[in-house]
Amino acid sequence: MTGPLVVSQEMGLLLAVMLGFFFGLFLERGGLGNPHKLTGVFYLTDFVVPKVMFTAILVASVGFYLLSDLKLLDLNRVWIVPAFFWPQIAGGALFGIGFVVSGYCPGTSVAGLASGRLDALVTMIGIGIGSLIFAVAYPMLEDFYQSSPMGVATIPGVTGVSHWIVLAVLFIVAGLMFYLMEQFEKKAK
Amino acid sequence: MAKNNFWSPYIAGAGLGLTLLATFYLAGWGLGASSAFSLLASLGMKEVHPDFTQRLTYFSQYLNAESPLRDWVLFEVGGLFLGALSAALFSGNFKFRFDRGPGMSAGKRLIAAVSGGIMIGFASRLARGCTSGVALSGGAQLAIGGWIFVIAMFVSGFIAAALFRRLWT
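Pasting the structure below:
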């Protein structure tokens, strides 16, 4: 059956809880509810974040393009993350600082609270306040927020290179990165 | 600290990737997190200051919905909490604590946790999502926006860690 499947709102919300359940389960079991492990990559002490993140990206990406090639997933009906160059550079940069300072990101703060960490709850409140500040400042930020739009741009789409070649490069880069991280962690022990 | 009985990051990552793939196939979009915080902030603010909040055009996307709480990402984040809670309980990893870097006072941790959170909340709105909705979901779609965010976040995180060495080490 070609996806994405069209489901009723009730079914959609039920699915959301179920998919979120596995999301949280794998985050916690990967160690991503723990701020020491979450910030480890930035201090070169624990590389669990890039390991979990890039493994997840590779697995999901191969499946995504495989289902599309097999006509089992209609990408025209999938919401693709839009690109806005400068807002996402600035947002990503500020996000990186907040990640190191708080020890969490939004999803992992929820996983942190779910493992009993009350500092994660404080970060969650901060995320709410930060969203509110953005909404209040939005009239001043709107021009920048809407600037440098690139539309629904994907690397294969923009470069014209086959997605399998992009994925092959990504596999090699990630594999090399994982190898170096394992070597580094072994040496540090 | 609790004993370290976590799974291999590659196993957890593969599980997370399959969950994300299932989300693409079943729902037609990726996993998210930060928009649930923005939604709750808009609803909470509306309770306290309804007139002020109604004038915030950015929040109208949530407040103009017929039933704002019936939101996909909000339900997904609820599931995230339950999944992580189950995992923590069954692995004996659940413990009430105020987690912080070695040698950091509780007061400093409180300030770091809330100020870092504020930066994350603001940055997620500016970037149109966070590590879940933009980095993970966009990354897997090979979307330019996802990879721009990933690169900016890691570069800036390394610089921040060099500047704030005492936070976590």
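Keeping their order, the protein sequence lines are chains G and Y.
The opening residue of the first sequence carries number -14 in my numbering; numbering runs sequentially from there.
The opening residue of the second sequence carries number 15 in my numbering; numbering runs sequentially from there.
Heads up, the beta-carbon is just placed ideally off N, CA and C, and yes, glycines get one too.
Ranked by Cα distance from A141/Y, the first of Y130/G, G97/G and G115/G is Y130/G. A127/Y is positioned such that its CB atom lies no closer than 8 Å to that of V63/G.
Against chain Y, a Cβ distance below 9 Å from K36/G picks out S22, P23, Y24, A26 and G27. In the DSSP annotation of this structure, the continuous segment of the beta strand (DSSP E) that includes M135/G starts and ends at P134 to G136.
Per the Cβ contact rule, the segment 78 to 89 of chain G is not in contact with the segment 85 to 101 of chain Y (fewer than 3 Cβ pairs under 8 Å).
For chain Y, the residues of the segment 8 to 20 of chain G that bring a beta carbon within less than 7 Å of one of its beta carbons are F8, G9, L10, F11, L12, E13, R14, G15, G16, G18 and P20, in chain order. CA-CA distance, S100/G to P35/G, rounds to 21 Å.
The beta-carbon of S138/Y is placed less than 8 Å from the nearest beta-carbon of chain G. Any Cβ of chain G closer than 8 Å to the Cβ of V148/Y would place that residue at the interface, and such an atom is present.
Shown here for V(-8)/G: same chain residues with a beta carbon closer than 8 Å to its own, the five before and five after excluded, namely L0 in chain order.
Put simply, the CB of S119/Y is far from chain G, with every gap to its CB atoms at 8 Å or more. Less than 8 Å divides the Cβ of Q(-6)/G from the Cβ of R84/Y. Within the segment 67 to 142 of chain Y, there are no complete beta strand (DSSP E) runs of at least 3 residues. Interface annotation for the segment 67 to 90 of chain Y against chain G: L70, T71, Y72, F73, R84, W86, F89 and E90, criterion Cβ-Cβ distance under 7 Å. Taking all protein chains shown into account, M109/G has 16 or more neighbouring C-beta atoms within 10 Å of its C-beta and is therefore buried. Close to D65/Y, with beta-carbon spacing below 7 Å, lies no residue of chain G; the smallest spacing is near 14 Å.
Note on geometry: alpha-carbon atoms of L35/Y and A174/Y lie some 32 Å from one another.
For the pair G111/G and E170/G, the Cα-to-Cα distance works out to about 33 Å.
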